[in-house]
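> Take the sequence shown: its position 99, counted from the start at 1, is 89 in the numbering used here, and no numbers get skipped. For each residue, glycine too, the CB sits at the ideal point set by N, CA and C. Could you have a look at this structure, given as structure tokens, before my questions?
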Amino acid sequence: GHGVAVAASGSDFAIAWTDSRSGTSEIYLVLVDALTGSLDGPVQVSTGSTTHKLSPRMIHDGQSLTVAWKDTPGGGSEVWFRRYGASLSALGDAACATCLDGAAAGEFGLASAGPNVYSVATASSGGKYRFTRITCSGP
């Protein structure tokens, strides 16, 4: 595969990975109870018709889990994300974090500041950084 990500969430931890079981490279997610070892999932996180979803990243903001990955539509490269609540309940559809400016994304990571989660991505050329607030939880 092309990467594994792990994030802690109270007494649980989440694992996301790239898997080609469907014939295309997709991102999957499982939630593991650290006390009992029981599992929720796996669930397919990524959606769409492109064949290469890579480099999963995750962060827990205290209320929800954000899973992000790199997708390669039309030969470009964009950062997509999806949020999950308790027991891997999806909090909306997958969305693009870096599709607004048209520049391809290079390396990326996630950061949390209070209830907000941000995508930090380098542009594939020019060495510029893009900061995008991708989630907001809480009231």
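(1) Determine, using beta carbons only, whether L25 and L78 come nearer to each other than 9 Å.
(2) What three-state label does DSSP hand L81 in the structure shown?
(3) Within the continuous beta strand (DSSP E) that includes G31, where are the two ends?
(4) Determine the direct distance from the alpha carbon of D51 to that of S102, and round the result to whole angstroms.
(5) State the DSSP-derived secondary structure class of P105, mapped to helix, strand or coil.
For this structure:
(1) Against a cut-off of 9 Å, the Cβ pair of L78 and L25 comes out as no contact.
(2) DSSP places L81 in coil when its eight states are reduced to three.
(3) First-last of the beta strand (DSSP E) with G31: 29 to 34.
(4) Their backbone Cα atoms lie some 6 Å apart in a straight line.
(5) Secondary structure of P105 (DSSP, three-state): coil.
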